[in-house]
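Notes follow the structure.
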Amino acid sequence: MSDAQLLLEAHGEDAMVACGVRLGRALQPGVVVHLQGDLGMGKTTLSRGVMRAFGHRGAVKSPTYTLVEPYEFGELTVYHFDLYRLGDPEELEFMGIRDYFSSHAICLVEWPARGEGILPPADLVINIERKDSGRQLQLSACTAEGLAVLGRLRAAA
1 MSDAQLLLEA
11 HGEDAMVACG
21 VRLGRALQPG
31 VVVHLQGDLG
41 MGKTTLSRGV
51 MRAFGHRGAV
61 KSPTYTLVEP
71 YEFGELTVYH
81 FDLYRLGDPE
91 ELEFMGIRDY
101 FSSHAICLVE
111 WPARGEGILP
121 PADLVINIER
131 KDSGRQLQLS
141 ACTAEGLAVL
151 GRLRAAA
């Protein structure tokens, strides 16, 4: 496995949240994370862990119908996108999608392929698959920022 990839495993919901907390602690403003995996693989559960890393204690639900849910943490906003029900990528233009992706925000995008051609490229892609009774998360860095996230994850292990 190269420096641009990292494998994590999670066995159960609590372990997936813990992976999200670990990831959240490694993220910096300006990072775009694409979350890929079939329905029920734990993308939203992982996102809940990311929010907990920043101090959020409330519910984190998938913004399937609203497309985006903002979480404010002082100067930082984490935007959680779920594009599962997106009919056409052009709809993202109408909602002002480019305004969300700033150097002061972290963007977590579930079902990013549905926004292809409109979404900015990912710094980090996380593919979640079933492995035995748990999940395997393959993290792939796509940019220098993504490599830095993987470096911080490795250093914190």
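The sequence shown: position 69 = 69 (my numbering), numbered continuously.
For glycine and all other residues, C-beta sits at the position ideal for the given N, C-alpha and C.
Query                                                                                                                                                : Result
Give the range of the alpha helix (DSSP H) segment to which E13 is assigned.                                                                         : E13 to A26
Should Q28 go down as buried or exposed, given a rule of 16 or more other Cβ atoms within 10 Å for buried?                                           : exposed
Output the distance between the C-alpha atoms of E18 and G49, rounded to the nearest integer angstrom.                                               : For the sequence presented, residue 18 should be read as Ala rather than Glu. Approximately 6 Å, taken between the alpha carbons.
Using the rule of at least 16 other Cβ atoms within 10 Å of the residue's Cβ for burial, across every protein chain shown, is K61 buried or exposed? : exposed
Rounded to whole angstroms, what is the Cα-Cα separation between Q5 and Q36?                                                                         : 15 Å
Quick check on the DSSP output: the beta strand (DSSP E) that includes S140 runs from which residue to which?                                        : G134 to A141
What runs of the beta strand (DSSP E), each 3 residues or longer, lie entirely inside the region 98-123?                                             : 105-110
Assuming contact is defined by CB atoms lying nearer than 7 Å, are L108 and A26 in contact in what I supplied?                                       : no
Please classify E11: is it buried, with 16 or more other beta-carbons within 10 angstroms of its beta-carbon, or exposed?                            : First, the residue type needs correcting, since residue 11 is His and not Glu in the sequence shown. Burial call: exposed.
Can you check whether the CB of H34 is closer than 7 Å to the CB of P120?                                                                            : no
E174 and D123: beta carbons closer than 7 Å?                                                                                                         : The displayed coordinates of the chain run from 1 to 157. Any statement about residue 174 would go beyond what the structure contains.
Taking 7 Å as the limit between beta carbons, can you name the residues of its chain near Q136, skipping five residues before and five after?        : L7, E9 and E129
Skipping 5 residues on each side, what residues in its chain have a beta carbon closer than 7 Å to that of D82?                                      : S62, P63, T64, L67, E110 and W111
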